[in-house]
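Enquirer: Which chain is which? The protein sequence lines are D and B, in order. No gaps in the numbering here: position 66 of the first sequence is 65 in numbering that gives the first Met the number 0, and each next residue is one more. No gaps in the numbering here: position 213 of the second sequence is 212 in numbering that gives the first Met the number 0, and each next residue is one more. Built from N, CA and C at the ideal position, the CB exists for glycine as well.
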Amino acid sequence: MNPTSAAAVPRLHPKARLQRDDVRGRDVLLYPEGLVTLNPTGAEILGLCDGVRSLADIVTTLEQRYGASGLERDVTSFVEALAAKGLVVYGR
Amino acid sequence: MDAKPLWLLAELTYKCPLQCPYCSNPLDFAGPRFKQELTTEEWSRVFREAKALGVLQLGLSGGEPLLRTDLEGLVATAHQLGLYTSLITSAHRLRKDRLAALQRAGLDHVQISVQAADADLSDRIAGTQAFGDKLAAYHFTKELGFPLTVNVVLHRENLHQVEALIRFAESLGAERIELANTQFYGWAFHNRDALMPTKAQLNAAWQVVLRERARLGPRLEIVWVLPDYHEQFPKPCMGGWARAYMTVAPGGEVWPCHAAGRITTLTFENVRDRSLEWIWRESDAFNRFRGEAWMPEPCRSCARRTVDFGGCRCQAFLVAGDAGLTDPVCSLAPHRHLIDAAVAQIERAAAAGVEPPSLTYRAAPTSRALTAKG
């Protein structure tokens, strides 16, 4: 698989929906006949996958928010894993 | 243990214009047990209570759920609660404006059944002319932008069409095709000898699935529900009894799966009498096979008990006569010989060129006749 470009613009596939799971105190991504359990960081990344921000923008936003650096690899691999499941697509 | 349900299957009605002989509904679907369907308000309460218990995925099924004129309202209620809603339908008489209304109400996902890859065979298996409506509905479901699952139940009459069915789903732009080998409950158990395929048929179809999965990748998810009679180990049915899943039948009975109502040694509670929470947490039927304490040997000391949970309680009841036994599909089960005998009989008959018995179609008069016979 080609490495995803930092300029790629991820967004949720229309079949997938971010949902707060109050009972278990977590966020989940719901899709036909399944769900992915998200940790708070994962939910935050997906919240930024809005079809406007590029992967680079998302990394910058998170790094600024947390005063961190070097998040690119983690963010990219997280988004890529969901793209491989067809839950995230690229393009505005 | 603190199990919380994730899935609710709402069987809104057992009325259905189709007569598929493998229907998973109970044989006595037309009898008094299911006659008084839950009202709109009762279903809404069930959805609220389910969400509060932890349910996130809601299947709206039947019978044919479109026959409920309050379906739009039920979808709206479920959507406002944050449930992910799937409509599981035959699409019979479905029109685009109704599906658009369901979409406005918040419906997330549409699953439409088809009985075969061509109109003749599909209509013959459905027992009615249904293919034309389905074809139209597949197209307008995608035009509206829904994620689409093509649902197919596989058996000896249509297993040779697996490739055509996958190509059909691909041509529609479907996200998923569910190729569900017949599981023998309900009407399918009654028709078992007519529906069960040969090992050769299954192997050929499985090779097609492997090839098509490699060709299509994530473009089309091909779900293959195992033909468990032909397996060595049982399926992890429902992810374990009363762990993550429940069904509410049309009259309000609550079951740990859609086949469990057939287990006559359990008493099932009704949402008209009890809260869903009480039924899930406290009722005998839900606690009876929850966890591992109920397990007999060979499950009790088996490493696979955490993988398949002893298999299916309904199958143990139907085939071996006791829901508390190891699923007879398991090669280690004391009743495996009953499964082997059923499979061997099909192989012998096929090898000798004997025609399978005729199918009993799912229909209300037949249901009442069969139930009266006992």
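So what's Arg91 of chain D in DSSP terms, helix, strand or just coil?
Expert: Three-state result, Arg91 of chain D: coil.
Enquirer: Whose C-alpha, out of B:Asp283, B:His334, B:Gly323 and B:Cys236, is nearest the C-alpha of Asp307 of chain B?
Expert: Taking only the C-alpha atoms, the option nearest Asp307 of chain B is B:Cys236.
Enquirer: Answer with yes or no whether the minimum CB distance from Arg91 of chain D to chain B is below 8 angstroms.
Expert: Chain B, which has no Cβ nearer than 8 angstroms to the Cβ of Arg91 of chain D, makes this no.
Enquirer: Would Ser169 of chain B pass as an interface residue toward chain D - the criterion being a Cβ-Cβ separation below 8 angstroms?
Expert: Before going on, a small fix: residue 169 of chain B reads as Glu here, not Ser. So no, Glu169 of chain B is outside the interface.
Enquirer: Look up Met0 of chain D in the DSSP assignment and say whether it is helix, strand or coil.
Expert: Confidence at Met0 of chain D is low in this model, with a pLDDT of 43, below 50, so its placement is unreliable and no value can be given for it.
Enquirer: Give me the DSSP bridge partner(s) of Pro9 of chain D.
Expert: Pro9 of chain D pairs with D:Tyr89.
Enquirer: Please report the distance separating the alpha-carbon of Glu296 of chain B from that of Thr325 of chain B.
Expert: Cα to Cα, Glu296 of chain B sits roughly 8 angstroms from Thr325 of chain B.
Enquirer: Could you tell me how far apart the beta carbons of Val54 of chain B and Leu5 of chain B are, in whole angstroms, since I believe they sit closer than 8 angstroms?
Expert: Correct: roughly 6 angstroms between the Cβ atoms.
Enquirer: Leaving aside the five residues before and after Leu215 of chain B along the sequence, list all residues of the same chain whose C-beta is less than 6 angstroms from its C-beta, in chain order.
Expert: Excluding positions up to five away in sequence, the list is empty.
Enquirer: Counting only Cβ pairs nearer than 9 angstroms, list the residues of chain D close to Gly144 of chain B.
Expert: Simply Pro13.
Enquirer: In whole angstroms, give me the CA-to-CA distance for Pro9 of chain D and Ala292 of chain B.
Expert: Between Pro9 of chain D and Ala292 of chain B, the C-alpha separation is close to 47 angstroms.
Enquirer: Show which residues of chain B have a CB atom less than 8 angstroms away from the CB atom of Asp26 of chain D.
Expert: The premise fails here: Asp26 of chain D is roughly 11 angstroms from chain B at the closest Cβ pair, so nothing lies under 8 angstroms.
Enquirer: Using a Cβ-Cβ cut-off of 7 angstroms (strictly less than) and excluding sequence neighbours within five positions of Lys3 of chain B, which residues of its own chain qualify?
Expert: Hits under 7 angstroms: Leu52 and Gly53.
Enquirer: So who's on the other strand from Tyr30 of chain D, going by DSSP bridges?
Expert: Answer is D:Gly33.
Enquirer: From B:Arg273, B:Trp42, B:Val152 and B:Leu65, pick the residue whose C-alpha is nearest to that of Leu385 of chain B; which is it?
Expert: Residue numbering for chain B in the displayed model covers 0 to 373; residue 385 of chain B lies beyond these limits and cannot be assessed.
Enquirer: Can you give the Cα-Cα distance for Cys329 of chain B and Gly172 of chain B, rounded to whole angstroms?
Expert: Between Cys329 of chain B and Gly172 of chain B, the C-alpha separation is close to 38 angstroms.
Enquirer: The beta strand (DSSP E) with Ile221 of chain B in it runs from where to where?
Expert: Taken as a continuous stretch (DSSP letters only), the beta strand (DSSP E) holding Ile221 of chain B covers Glu220 to Val224.
Enquirer: Extract the residue ranges of the alpha helix (DSSP H) inside the stretch 180-236 of chain B, only unbroken runs of 4 or more that lie entirely within it.
Expert: Listed in chain order, the complete alpha helix (DSSP H) runs (minimum 4 residues) inside the stretch 180-236 of chain B are 185-189, 191-194 and 198-215.
Enquirer: What does the Cβ neighbour count give for Ser89 of chain B, buried or exposed, with the cut at 16 atoms within 10 Å?
Expert: Per the 10 Å Cβ criterion, buried.
Enquirer: Helix, strand or coil for Glu252 of chain B per DSSP?
Expert: Strand at Glu252 of chain B.
Enquirer: Near Ser68 of chain D, which residues of its chain fall below 7 angstroms by C-beta distance, leaving aside the five closest residues on each side in sequence?
Expert: If we look at Ser68 of chain D and ignore the five residues flanking it on each side, its Cβ neighbours are Glu62.
Enquirer: For Thr148 of chain B, return the contacting residues in chain D, with the cut-off set at a CB-CB distance below 7 angstroms.
Expert: Ordered by position in chain D, the residues that pass the 7 angstroms Cβ test against Thr148 of chain B are Pro31.
Enquirer: Expressed to the nearest angstrom, what Euclidean distance is found between the alpha-carbon atoms of Gly310 of chain B and Ala5 of chain D?
Expert: Whole-angstrom Cα-Cα distance: 47 angstroms.
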